[in-house]
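Enquirer: In the working numbering, the protein residues as written are 1020 to 1467.
Every residue gets a Cβ at the ideal spot worked out from N, C-alpha and C, and that includes glycine.
Submitted below is the structure of interest, expressed as structure tokens.
Encoded structure:
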């Protein structure tokens, strides 16, 4: 029963060995285009800050709110929108959120002043948290179980493509037209994603409305709580350091801007490859894959200040960092899915919120360290956070995760039994239960 609730209406069979249909992969592609559009819209202002600031009459620092505001709002909208959505078909929620993204781009493109611009960016934040909650939870519902890791990898490809292609392309458009044209072009991309989702994403009925109680219940359980802490530490390690990687390469490593541009492009491209390579092994060796990638991140961060006078060494470490972070979102997405098998949307909502908080706090704390101590110290801070994240990973026993779902399924089975017992206790006594076996949930993993 628990497994059937996670299948889309178009998938009647639970045969793990069967291949996903072409239409299933078209649905995954439609969501991936949406991911590309969301991330491009989120980080588009990074390359447009001077132009927007000059045109709307604000300082570059104030213009930076175009990135900060959506991130903060997304941290709350991830669980908030799913609570409001209730039992609404998730396909319809996908379409509404993508339509909201389209409105955000149009408002930003036509904004007469900075206040209206922030309204448009606030709409992005509201849609962003909900979209990623749905994308991470629904990836396994769009395809057969055996293809779920590849489906998530495909969706996350949209993130890499946005970083490598989308944002630079938006900056290029602004260079020969205007920043408003960049937002309009992104709006066209969003419209394409909306049409693709309308035609290819199947009905995804929600069998249970997400409640605030579901979120608090997850956080009271040791396994999900430790998992969220691990996510916060590792993403905090990355964003506290990566936010200031360009100043480090420019000032400490003495690299020229053309070299830095190509190196960061290589960072994105190798991350793109890493995402797909790891997708073929992560389901079999999840804990090992995650541990290897976190260790690689830690080694890269602690070594960069030591190798800053070697251009070749710095380049190798930045690319190693790219390998690590290209795989980490996929690894963590699958980890959270397995840690919360009975509440996938609640787990995804908390996962997205934690990432947004890690981005905001990581960048903030990293900035304070850079201003008062130095960029090298900021990288060392990132390595310490990564080490703590690795420690959190190693604290999980072999039976808790280890690339298997036994613990999560057993825990979800126990929760299902508790829920049935509660419902039975609250039912009127006028109808005796003559066949107790009919309400028994059998969980093979519980007997292991």
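(1) Would you call residue 1276 buried or exposed, if buried means 16 or more other Cβ atoms sit within 10 Å of its Cβ?
(2) Report yes or no: do the region 1171-1179 and the region 1389-1408 share at least 3 C-beta pairs separated by less than 8 angstroms?
(3) Measure the alpha-carbon distance for residue 1241 versus residue 1359 and round it to whole angstroms.
(4) Should residue 1472 be labelled buried (16 or more other beta-carbon atoms within 10 Å of its own) or exposed?
(5) How should residue 1416 be labelled, buried or exposed, when 16 other C-beta atoms within 10 angstroms of its C-beta is the threshold for buried?
(6) Quick one: is residue 1160 buried, meaning 16 or more other Cβ sit within 10 Å of its Cβ, or exposed?
(7) Given a threshold of 16 other Cβ atoms within 10 Å of its Cβ, counted over all protein chains shown, does residue 1109 qualify as buried or as exposed?
(8) Kindly give me the distance between the Cβ atoms of residue 988 and residue 1144, rounded to whole angstroms, as I take these residues to be in contact under 8 angstroms.
(9) Can you tell me where the alpha helix (DSSP H) with residue 1261 in it begins and where it stops?
(10) Is the CB of residue 1197 under 9 angstroms away from at least one CB in chain D?
(11) Excluding the 5 residues preceding and the 5 following residue 1332 in the sequence, name in chain order all residues of the same chain whose CB lies nearer than 7 angstroms to its CB.
(12) Which full runs of the alpha helix (DSSP H) of 4+ residues lie inside the region 1355-1399, going along the chain?
(13) By how many angstroms is the C-alpha of residue 1330 removed from the C-alpha of residue 1210?
(14) The ligand MG and residue 1097: does the residue's C-beta get closer than 8 angstroms to at least one heavy atom of that ligand?
(15) Hey, would you say residue 1168 sits closer than 9 angstroms to residue 1055, going by beta carbons?
(16) Would you check if there are 3 or more beta carbon pairs closer than 8 angstroms linking the region 1055-1070 to the region 1346-1359?
(17) If we call anything under 9 angstroms between Cβ atoms a contact, is residue 1343 one with residue 1316?
(18) Quick one: give me the first and last residue of the alpha helix (DSSP H) that residue 1273 is part of.
(19) Could you check the C-alpha separation between residue 1323 and residue 1334 for me, to the nearest Å?
(20) If you follow the alpha helix (DSSP H) that residue 1188 is in, where does it begin and where does it stop?
(21) Label residue 1414 either buried or exposed according to how many other C-beta atoms from any shown protein chain fall within 10 Å of its C-beta, with 16 as the threshold for buried.
(22) Ignore the nearest five residues each way along the sequence and tell me which others in residue 1217's own chain have a CB closer than 7 angstroms to its CB.
(23) What's the call for residue 1362, buried or exposed, on a 16-neighbour Cβ count within 10 Å?
(24) So, at 6 angstroms on beta carbons, what are the nonlocal neighbours of residue 1424 in its own chain, with the 5 sequence-adjacent residues on each side left out?
(25) Just the C-alpha distance for residue 1119 and residue 1273, rounded to the nearest angstrom, thanks.
(26) Considering Cα atoms alone, identify which of 1074, 1285, 1307, 1233 is closest to residue 1129.
(27) Please look up how many angstroms separate the CB atoms of residue 1223 and residue 1157, rounded, as I've assumed it's under 8 angstroms.
(28) What are the boundary residues of the alpha helix (DSSP H) that includes residue 1047?
(29) For a test of the three-state rule: what should DSSP assign to residue 1124, helix, strand or coil?
(30) Go ahead and pull the three-state DSSP assignment for residue 1132.
(31) Would you check if there are 3 or more beta carbon pairs closer than 8 angstroms linking the region 1275-1289 to the region 1365-1372?
(32) For a quick check, are the C-beta atoms of residue 1100 and residue 1126 less than 9 angstroms apart?
(33) Roughly how many angstroms lie between the CA atoms of residue 1203 and residue 1060, to the nearest whole one?
(34) When you compare the region 1397-1411 with the region 1251-1265, are there three or more beta-carbon pairs, one atom per stretch, that lie closer than 8 angstroms?
(35) State yes or no: is the C-beta of residue 1133 within less than 9 angstroms of the C-beta of residue 1077?
Expert: Looking at the coordinates:
(1) exposed
(2) no
(3) 11 angstroms
(4) This structure gives no information on residue 1472, because the portion of the chain shown stretches from 1020 to 1467.
(5) exposed
(6) buried
(7) buried
(8) The first residue shown for the chain is 1020 and the last is 1467, placing residue 988 beyond what the model contains.
(9) 1241-1261
(10) Among the chains in the structure shown there is no chain D, since it carries only a single protein chain.
(11) 1326
(12) 1363-1391
(13) 43 angstroms
(14) Absence of the ligand MG is noted for the structure shown, with no ligands found whatsoever.
(15) no
(16) no
(17) yes
(18) Segment: none, residue 1273 is in no alpha helix (DSSP H) and carries neither H nor E.
(19) 9 angstroms
(20) 1186-1195
(21) exposed
(22) 1114
(23) buried
(24) Note on residue 1424: pLDDT 43, under 50, position unreliable in the model; no value is reported.
(25) 43 angstroms
(26) 1074
(27) 6 angstroms
(28) 1041-1062
(29) helix
(30) coil
(31) no
(32) no
(33) 10 angstroms
(34) yes
(35) yes
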